[in-house]
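Peer 1: In our numbering, the protein residues as written are 67 to 530. Where is the CB? At the ideal position from N, CA and C, for every residue including glycine. The structure is given below, and queries will be raised subsequently.
Printed below as a string of structure tokens:
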């Protein structure tokens, strides 16, 4: 019999669009899903992957992370940077990610260079979000969207009064945000604000420092220095400005009940506003005993905020969950809460958190898990023509999961150059065993495949 398909994924249950968990076989040809077959249907293929006892999910798409070199999280400098962090992604069932690209230089030369470096190392597919900080970059918005397929633009709303200096970025203001929203609207793009009203944070930070100059209060002190209303005020302001300019808005790393409520108010008022949260805000709060390791920006909040975010996930109010992965090591956390570097790694644990704390602990439907980490990220970020679901014609990006596998994360499980996880010692239920990108196995039986290095490709995006 002649070979009909390149690969058959046999014997599993797949989470299919509009059908949910369904027993089926998946046929792959030329890197794409060629057919969804009845279980055991006659078919020939060059290779067969046994999925018995497993659930096949569309590969997760992490649309918020930072790739860099060493402590620098601006961009990868050598292919090994992308190889190591994409290894962490593949181990967690992530088959595509969209890092933020941070520079004060024009993107005309930087973006092609960074794409080349990333393609030379990455095991998974990727895009990029340019961070817009200068007048020259603002003038490049249309070219980024239409010529480079990078139509989503981050802005640090807190970069005022010299706050951006530590990132090598200049100050901006609300007028700059307005003009970015207008430019994005003209170009068919979208704005992704880091929402903090820094003038408010200057006041709250000084009060927190006065009350706790040595930072002995740890995560509670850090939360007090940038409390939820600082985030919520910026969300409502960005939503209003974007709505006025006619641009969609993707609010990153929603951490608090107040910020969630502010976003929903703007959505109800007519803003095209999408809300993202991160796994660490769903599992950790100011009471975590990990100390300064848990310094993140926005801060870890109170337990009530965590539950409000879960309610938003269960209700459908929150659109996506992404990692905000930062690969700096534990040495960057030294010096106390005031000196420690913010951020944490999270690529390996995105799906395990949602399966353990969502599916198993809270009854979150598998279709909703897929919606949060694959389908909606693809639709919102302009990847829906290629990724985000298990359907004929789309890329064969798959994560094969043992839903019942119990395991405890150790430092040895961490592939990221961060070398640690805030989930060390945590018990999970649900583990990724195999990960495929365009039908190519990048993780098999929990083992990374060395020949996958450099197989990832840049995917130009266009927003619907």
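#1: Leaving out the 5 sequence neighbours to the left and right, which residues in its chain are closer than 6 angstroms to residue 79 when beta-carbon positions are compared?
#2: As a quick exercise: from 307, 419 and 204, pick the residue whose alpha carbon is nearest that of residue 173.
#3: DSSP beta-bridge partners for residue 376?
#4: I need the boundaries of the beta strand (DSSP E) containing residue 72, first residue and last residue.
#5: When you compare the CB positions of residue 243 and residue 259, do they come within less than 9 angstroms of one another, or not?
#6: I need the straight-line Cα distance from residue 67 to residue 505, nearest angstrom please.
#7: I'd like to know whether the C-beta atoms of residue 430 and residue 162 end up nearer to each other than 9 angstroms.
#8: Going by DSSP, name the residue or residues bridged to residue 116.
#9: Starting from residue 111, follow its DSSP beta bridges and name the residues at the other end.
#10: Just the C-alpha distance for residue 339 and residue 314, rounded to the nearest angstrom, thanks.
#11: Looking at C-beta atoms only, is the number of pairs between the segment 457-466 and the segment 142-149 that lie closer than 8 angstroms three or more?
#12: Quick one: give me the first and last residue of the alpha helix (DSSP H) that residue 447 is part of.
#13: Counting C-beta neighbours from all protein chains within 10 Å, is the total for residue 370 16 or more, i.e. buried, or is it exposed?
#14: Drop a sphere of 10 angstroms on the beta-carbon of residue 84, count the other beta-carbons inside from all chains shown, and report buried for 16 or more, exposed for fewer.
#15: For the beta strand (DSSP E) containing residue 101, name the first residue and the last one.
#16: Going by other Cβ atoms of all chains shown within 10 Å of its Cβ, with 16 needed for buried, is residue 269 buried or exposed?
#17: Please confirm whether residue 393 and residue 487 have their CB atoms less than 9 angstroms apart.
#18: Return the chain-ordered ranges of every alpha helix (DSSP H) run that is complete within the segment 190-227 and spans a minimum of 4 residues.
#19: How about the segment 347-363 and the segment 279-286: do they share at least three Cβ pairs that are nearer than 8 angstroms?
#20: Mapping the DSSP letters down to three states, classify residue 505 as helix, strand or coil.
#21: Less than 9 angstroms separating the beta-carbons of residue 281 and residue 403?
#22: Identify whether residue 176 lies in helix, strand or coil by the three-state DSSP scheme.
#23: Below 6 angstroms CB to CB, which residues in the same chain sit around residue 474 once its five sequence neighbours on both sides are set aside?
#24: Taking the C-alpha atoms as reference points, what is the distance between residue 424 and residue 201?
#25: On a Cα-Cα basis, can you pick out the residue from 104, 214, 406 and 164 that is closest to residue 133?
#26: Leaving out the 5 sequence neighbours to the left and right, which residues in its chain are closer than 6 angstroms to residue 215 when beta-carbon positions are compared?
#27: Count the C-beta pairs between the segment 330-337 and the segment 402-417 that are closer than 8 angstroms, then say yes if the count reaches three, no if not.
#28: Write down every uninterrupted run of the alpha helix (DSSP H) in the segment 376-462 whose length is 4 residues or greater and which is fully enclosed by it, in chain order.
#29: Ends of the beta strand (DSSP E) at residue 90?
#30: Based on DSSP bridge pairs, tell me the residues matched to residue 160.
#31: Given residue 266, which residues of its chain have a CB within under 8 angstroms of its CB, disregarding the five upstream and five downstream residues?
#32: Rounded to the nearest angstrom, how far is the Cβ of residue 439 from that of residue 469, given a contact under 8 angstroms?
#33: Going by DSSP, which residues form a beta bridge with residue 500?
#34: Check this for me: beta carbons of residue 190 and residue 503, under 9 angstroms apart or not?
#35: For residue 259, which of helix, strand or coil comes out of DSSP?
Peer 2: The relevant details are as follows:
#1: As a first step, residue 79 must be located in the chain shown, where it is residue number 13. 87, 89 and 121.
#2: Position 107 of the chain shown holds residue 173. Among 307, 419 and 204, the Cα nearest to that of residue 173 is on 204.
#3: Mapped onto the chain shown, residue 376 falls at position 310. Looking at the DSSP assignment, residue 376 forms no beta bridge with any residue, so it has no partner.
#4: Against the chain shown, residue 72 aligns to sequence position 6. Segment 71-82, the beta strand (DSSP E) holding residue 72.
#5: Indexing the chain shown from 1 puts residue 243 at position 177. Indexing the chain shown from 1 puts residue 259 at position 193. In this structure, residue 259 lies closer than 9 angstroms to residue 243 by Cβ.
#6: Position 1 of the chain shown, counted from the first residue, corresponds to residue 67. Position 439 of the chain shown, counted from the first residue, corresponds to residue 505. Low per-residue confidence applies at residue 67: pLDDT is 44, beneath 50, and the placement is therefore not dependable, though the value from the model is reported in the following sentence. Rounded to the nearest angstrom, the two C-alpha atoms are 22 angstroms apart.
#7: Position 364 of the chain shown, counting from 1, holds the residue named residue 430. Position 96 of the chain shown, counting from 1, holds the residue named residue 162. Going by C-beta atoms, residue 430 is not nearer than 9 angstroms to residue 162.
#8: Residue mapping note: residue 116 aligns to position 50 of the chain shown, counting from 1. According to DSSP, residue 116 bridges with 76.
#9: As a working note, residue 111 is residue 45 in the chain shown. Per DSSP, 71.
#10: Your numbering for residue 339 matches position 273 in the chain shown. Your numbering for residue 314 matches position 248 in the chain shown. C-alpha separation (whole angstroms): 6 angstroms.
#11: no
#12: Here residue 447 is taken as the residue at index 381 of the chain shown, counted from 1. Unbroken alpha helix (DSSP H) run through residue 447: 442-447.
#13: As a first step, residue 370 must be located in the chain shown, where it is residue number 304. When all chains shown are included, residue 370 counts as exposed.
#14: By one-based count along the chain shown, residue 84 stands at place 18. When all chains shown are included, residue 84 counts as exposed.
#15: Locating residue 101 in the chain shown gives position 35, counting from the first residue. Its beta strand (DSSP E) spans residues 98-103.
#16: On the chain shown, position 203 is the one that residue 269 refers to. It is exposed - the Cβ of residue 269 has fewer than 16 other Cβ atoms within 10 Å.
#17: As a working mapping, residue 393 is identified with position 327 in the chain shown. As a working mapping, residue 487 is identified with position 421 in the chain shown. Cβ atoms of residue 393 and residue 487: not closer than 9 angstroms.
#18: 201-204 and 207-212
#19: yes
#20: As a position in the chain shown, residue 505 is number 439, starting the count at 1. Coil.
#21: Taking the first residue of the chain shown as 1, we reach residue 281 at position 215. Taking the first residue of the chain shown as 1, we reach residue 403 at position 337. Yes, they are a contact pair.
#22: Working through the chain shown from its first residue, we reach residue 176 at position 110. Three-state result, residue 176: helix.
#23: Sequence index remark: in the chain shown, residue 474 carries index 408 (1-based). Closer than 6 angstroms at the Cβ level, and outside the excluded window around residue 474, lie 493.
#24: Within the chain shown, numbered from 1, the residue matching residue 424 stands at position 358. Within the chain shown, numbered from 1, the residue matching residue 201 stands at position 135. The straight-line gap from Cα to Cα measures roughly 43 angstroms.
#25: Residue 133 sits at position 67 when you count from the first residue of the chain shown. Residue 133 has its Cα closest to that of 164, out of 104, 214, 406 and 164.
#26: What you label residue 215 is simply residue 149 of the chain shown in a count that begins at 1. 526 and 527.
#27: no
#28: 416-419, 432-436 and 442-447
#29: Stepping through the chain shown from its first residue, residue 90 is reached at position 24. Residues 86-95.
#30: Residue mapping note: residue 160 aligns to position 94 of the chain shown, counting from 1. BP columns for residue 160 point to 126.
#31: The residue you call residue 266 lines up with position 200 of the chain shown. Excluding positions up to five away in sequence, the list reads 295, 296 and 299.
#32: For this step, residue 439 is matched to residue 373 along the chain shown. For this step, residue 469 is matched to residue 403 along the chain shown. The Cβ separation is near 15 angstroms, so there is no contact.
#33: Translated into the one-based positions of the chain shown, residue 500 becomes position 434. Looking at the DSSP assignment, residue 500 forms a beta bridge with 466.
#34: Reading the chain shown from its first residue, position 124 is the one you call residue 190. Reading the chain shown from its first residue, position 437 is the one you call residue 503. Their beta carbons are under 9 angstroms apart, which means residue 190 touches residue 503 by this criterion.
#35: As a position in the chain shown, residue 259 is number 193, starting the count at 1. Strand.
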